[in-house]
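Some notes on the structure that comes next.
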Amino acid sequence: MKNFNKVIAVAVSTLMLTACHNEDVIPGGASIQDMARFSASIAGPVTRAYDTSWDADDEIGISGTSGEVQYTNVCYFTSGSNGNFSPKDESKKIYFQDNNEVTFTAYYPWNDLKGSTTITADTWGQAEQKQFDFLWAQKKGSKAAPDVAFSFAHKMAKVVLTVKCGADVSYDEVKAAVLTLDGFKHGGSFNVTTGTAEATGNESTMWEFANNADTEVYNAPFKCDDTKQTVSYTLILFPQTFEAALPFTAELTGKQSFMANLDFTEANAEIDKADAKNEWVAGRQYNMGIVLNKTGIKVEGCTIAPWEEVDGGNIDAQ
Numbered sequence: 001m002k003n004f005n006k007v008i009a010v011a012v013s014t015l016m017l018t019a020c021h022n023e024d025v026i027p028g029g030a031s032i033q034d035m036a037r038f039s040a041s042i043a044g045p046v047t048r049a050y051d052t053s054w055d056a057d058d059e060i061g062i063s064g065t066s067g068e069v070q071y072t073n074v075c076y077f078t079s080g081s082n083g084n085f086s087p088k089d090e091s092k093k094i095y096f097q098d099n100n101e102v103t104f105t106a107y108y109p110w111n112d113l114k115g116s117t118t119i120t121a122d123t124w125g126q127a128e129q130k131q132f133d134f135l136w137a138q139k140k141g142s143k144a145a146p147d148v149a150f151s152f153a154h155k156m157a158k159v160v161l162t163v164k165c166g167a168d169v170s171y172d173e174v175k176a177a178v179l180t181l182d183g184f185k186h187g188g189s190f191n192v193t194t195g196t197a198e199a200t201g202n203e204s205t206m207w208e209f210a211n212n213a214d215t216e217v218y219n220a221p222f223k224c225d226d227t228k229q230t231v232s233y234t235l236i237l238f239p240q241t242f243e244a245a246l247p248f249t250a251e252l253t254g255k256q257s258f259m260a261n262l263d264f265t266e267a268n269a270e271i272d273k274a275d276a277k278n279e280w281v282a283g284r285q286y287n288m289g290i291v292l293n294k295t296g297i298k299v300e301g302c303t304i305a306p307w308e309e310v311d312g313g314n315i316d317a318q
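In the UniProt record's numbering, the protein residues as written are 1 to 318.
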């Protein structure tokens, strides 16, 4: 009986130590009831640039300070498209340390910042848009309201160029056309603290974003509409202002090349009125139709979708 009592005592002690150990991993002495619960949606009728919903294992970085505990760039991930996020590392769960309200900042996609607050990117590599389709959000939470629902906003600009058949140009030629866009800064940075995306570096020259056989990572995602016989290319780019219209070139089969100048001032005017500039504004999607003719290019009116929507003018190029 004495030995049996000793065994019971040891078992109870082990359970107590285990319980104490589990409680110790929660920072600041918080309890499991004080854990913050995060979910996320993306503002606007269009979600991320490259698809329409969260993917399994998509990761966001969350920061905030509760009491004396500072949470910095904690990685949370979603297991599906429902927008509910869980900590990638269970030991780094975010807890409320007191009854005060906490402002949380979140960004997408998560990066190992290594103490920095910025992410650099080169948008020439349009095949890897997922790496620089930057989103950002802020939301408050507390012990009394632990469900933190982020509403992410787009921080890059989106340009959709829909290429169409014109006079004496076939659908096959449209699909095979080599397209070039110049005059913009392709490099830049994203500040995860402020949510600001900024273009830096030199302007692009002779950047082939469609049917680039030499550097395939430059090729932008596209969608063919066989009924309308059009090809739409989606570009994700850093917000920036231009001093001149952007040169656009289409090279058809047989090495025929045609050029047009793309200007976004009129497109921005419906929203910005007299303050409109030739620029790409963060969070706006610019839709532009481009008709390829054997004698030149016609640029149809530009619109903006939310991302935001306005009407623009027509440009003819010979």
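For each residue, glycine too, the CB sits at the ideal point set by N, CA and C.
Please read all numbers here as calculations on a predicted model, not as lab measurements.
| field | Exposure label - Thr103; buried when at least 16 CB within 10 Å | value | The residue labelled residue 103 in the question sits at position 103 within the sequence shown. It counts as exposed.
| said: Quick test of your reading: Ile304 and Ala267, contact by CB under 8 Å. State the CB separation rounded to the nearest angstrom. | reply: Locating residue 304 in the sequence shown gives position 304, where the first residue counts as 1. Locating residue 267 in the sequence shown gives position 267, where the first residue counts as 1. Contact annotation, Ile304 with Ala267: C-beta distance approximately 6 Å; criterion of less than 8 Å satisfied.
| said: Once the 5 residues before and after Gln240 are set aside, which same chain residues still bring their CB inside 7 Å of it? | reply: If you number the sequence shown from 1, residue 240 lands on position 240. The answer, listed in chain order, is Phe184, Lys185, Ala199, Glu279, Trp280.
| said: Let me confirm a value: Asn202 is counted as buried when at least 16 other C-beta atoms fall within 10 Å, else exposed. Which label applies? | reply: As a first step, residue 202 must be located in the sequence shown, where it is residue number 202. A residue is called buried once 16 or more other Cβ atoms fall within 10 Å of its Cβ, and Asn202, having fewer, is exposed.
| Which residue comes first and which comes last in the beta strand (DSSP E) that contains Thr118? | Numbered from its first residue, the sequence shown carries residue 118 at position 118. Segment 118 to 122, the beta strand (DSSP E) holding Thr118.
| query | In whole angstroms, what separates the C-alpha of Cys224 from that of Val231? | reply | Position 224 of the sequence shown, counted from the start, is the residue given in the question as residue 224. Position 231 of the sequence shown, counted from the start, is the residue given in the question as residue 231. Each residue's alpha carbon lies about 4 Å from the other.
| the ligand SAH heavy atom lying under 7 Å from the CB of Phe184 | Only the bare structure without any ligand can be found here, which leaves the ligand SAH out of the picture.
| task | With a threshold of 16 other CB atoms inside 10 Å of the CB of residue 319, please say whether the residue is buried or exposed. | result | Because residue 319 is not part of the residues shown, which for the chain are 1 to 318, the question remains open.
| Distance between Lys130 and Ile271 (C-alpha atoms, nearest Å) | The residue labelled residue 271 in the question sits at position 271 within the sequence shown. The residue labelled residue 130 in the question sits at position 130 within the sequence shown. Ile271 and Lys130 have their C-alpha atoms some 28 Å from each other.
| task | For Lys155, count neighbouring C-beta atoms within 10 Å of its own C-beta (all shown protein chains included) and say buried if the count is 16 or more, exposed if not. | result | The sequence position of residue 155 within the sequence shown is 155, counting from 1. When all chains shown are included, Lys155 counts as buried.
| field | Residue from Asn212, Phe190, Lys255 whose Cα sits closest to the Cα of Leu237 | value | Position 237 of the sequence shown holds residue 237. Residue Phe190 holds the alpha-carbon nearest to the alpha-carbon of Leu237 among Asn212, Phe190, Lys255.
| query | Which residues bound the alpha helix (DSSP H) around Gly198? | reply | Position 198 of the sequence shown, counted from the start, is the residue given in the question as residue 198. At residue 198 the sequence reads Glu, which differs from the Gly that was named. Annotation for Glu198: no alpha helix (DSSP H) segment contains it, though the beta strand (DSSP E) segment containing it runs 196 to 203.
| How would you label Met288, buried or exposed, when you count the other beta carbons within 10 angstroms and need 16 or more for buried? | For this step, residue 288 is matched to residue 288 along the sequence shown. Taking all protein chains in view, the Cβ of Met288 is crowded by 16 or more other Cβ atoms within 10 Å, so the residue is classified as buried.
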